[in-house]
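Student: Submitted below is the structure of interest, expressed as structure tokens.
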Amino acid sequence: MQHLILRPGPMLVTRPFRPEPDDLGGRLNEVDVTGRAHEFLFEFITIQAGTTLGDVFRLMEASPLLQKFYRQDFAEELCAEARKGPFDARVQDQAAHEVIEFLELYQHWGFDTSTNEYSGTQRLNLHGIGQELSEDAPNEGRKKGERIEWSVSLTPLRELLPLPIRVNAEVRITEDDANTKAYMREIRRVRHPDVTLGQVIHGLLWELSFHGGPHEQQEVSEGLKRQVAEIDAGTAELVSGDDVFEPLDRPGCDALFDDIGGRSTREIATAIRDIDDDENAAAWLNRAFDGKVVVKAQFRDRTGREFRKAFRAAAR
Numbered sequence: 000m001q002h003l004i005l006r007p008g009p010m011l012v013t014r015p016f017r018p019e020p021d022d023l024g025g026r027l028n029e030v031d032v033t034g035r036a037h038e039f040l041f042e043f044i045t046i047q048a049g050t051t052l053g054d055v056f057r058l059m060e061a062s063p064l065l066q067k068f069y070r071q072d073f074a075e076e077l078c079a080e081a082r083k084g085p086f087d088a089r090v091q092d093q094a095a096h097e098v099i100e101f102l103e104l105y106q107h108w109g110f111d112t113s114t115n116e117y118s119g120t121q122r123l124n125l126h127g128i129g130q131e132l133s134e135d136a137p138n139e140g141r142k143k144g145e146r147i148e149w150s151v152s153l154t155p156l157r158e159l160l161p162l163p164i165r166v167n168a169e170v171r172i173t174e175d176d177a178n179t180k181a182y183m184r185e186i187r188r189v190r191h192p193d194v195t196l197g198q199v200i201h202g203l204l205w206e207l208s209f210h211g212g213p214h215e216q217q218e219v220s221e222g223l224k225r226q227v228a229e230i231d232a233g234t235a236e237l238v239s240g241d242d243v244f245e246p247l248d249r250p251g252c253d254a255l256f257d258d259i260g261g262r263s264t265r266e267i268a269t270a271i272r273d274i275d276d277d278e279n280a281a282a283w284l285n286r287a288f289d290g291k292v293v294v295k296a297q298f299r300d301r302t303g304r305e306f307r308k309a310f311r312a313a314a315r
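Numbering follows numbering that gives the first Met the number 0, with no gaps: position 208 of the sequence shown is 207.
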């Protein structure tokens, strides 16, 4: 067995767990495998401090087959952009709390407590981590001493190249059963430090190419800026949330209720999410809406979890 180490430069070395026969000192040998990194995609890896995103792209240049393996993630287009070298595209008046200090690969798993099944355990996610705050940042929901997590999916690649990359071994696990009150909320944290070279590269490229290659990302970014400008100018055609969700929530309301008491279907759907899993849903809704909402007789014995399941099933 062996372990990989990615060092700034870049240099990818493999360190066997058993000494080679010619290692008279009894120490583990290290072998430079930078030029054939594609052979080690499934090996566990450690990323040394100071290794940057630019180093990863230089590794892909030194072992060009990697670009073929990750073709679906626009690897060749991103490598071509990386060859142009880094630049700092930040505006001069950028606030200190908006500066990204390093890029972090992290793990987020789903766990369905009704089936005991995990999901999303293979892909590493990527975000930027800001500097430690010297004062509270209420608009970002962070206090002094904390850090802000930033999406980087539309940040120009060349701006990110000088940033160090780190792997967070702590895994956030969230409820994956959509019928529970705790759906998508964190239910526990564990540690899972073993990641492979293939996972690291894929996690980086997945986020960096989420909107396509550099050209497609620029088009998306410009489109979003135009939309913001139209909203600021008051020329955008806006649609209310109730209008968007009404067709989605209507089937459940029709199937499970005799009367929704003049409330919008969105109000009903939002309220249903707040019922405790083991609480009687009809009784809870009766209290919440002062007796003006009437659940159909066949659903009056359902718990919150069972009621949500029936509500969602009606929309299928």
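Yeah, the Cβ is synthetic: ideal placement off N, Cα and C, and Gly gets one too.
(1) From the DSSP secondary-structure annotation, give me the bridge partner or partners of residue 173.
(2) Give a yes or no on whether the C-beta atoms belonging to residue 145 and residue 158 are separated by under 9 angstroms.
(3) Consult DSSP for residue 90 and reduce its assignment to one of helix, strand or coil.
(4) Quick one: grab the DSSP three-state call for residue 82.
(5) Can you look up residue 250 in the DSSP assignment and give me helix, strand or coil?
(6) Strictly under 9 angstroms for the Cβ-Cβ distance: is residue 108 near chain B by that measure?
(7) Report the three-state DSSP secondary structure of residue 73 (helix, strand or coil).
(8) Counting Cβ pairs closer than 8 angstroms, one from the region 261-271 and one from the region 235-252, do we hit at least three?
(9) With C-beta atoms as the reference, is residue 152 less than 9 angstroms away from residue 191?
(10) Roughly how many whole angstroms lie between the Cα atoms of residue 285 and residue 275?
(11) Can you give me the Cβ contacts of residue 297 inside the same chain, cut-off strictly under 6 angstroms, excluding the 5 residues immediately before and after it?
(12) Excluding sequence positions up to five away, which residues of its chain have a Cβ less than 6 angstroms from the Cβ of residue 168?
(13) Between the alpha carbons of residue 83 and residue 205, how many angstroms are there, rounded?
Tutor: Short version:
(1) 109 and 185
(2) no
(3) Because residue 90 sits at a pLDDT of 49, beneath the cut-off of 50, its placement in the model cannot be relied upon, and the point is left open.
(4) coil
(5) helix
(6) Absence of chain B from the displayed structure is noted, only one protein chain being present.
(7) coil
(8) yes
(9) no
(10) 14 angstroms
(11) none
(12) 190 and 192
(13) 21 angstroms
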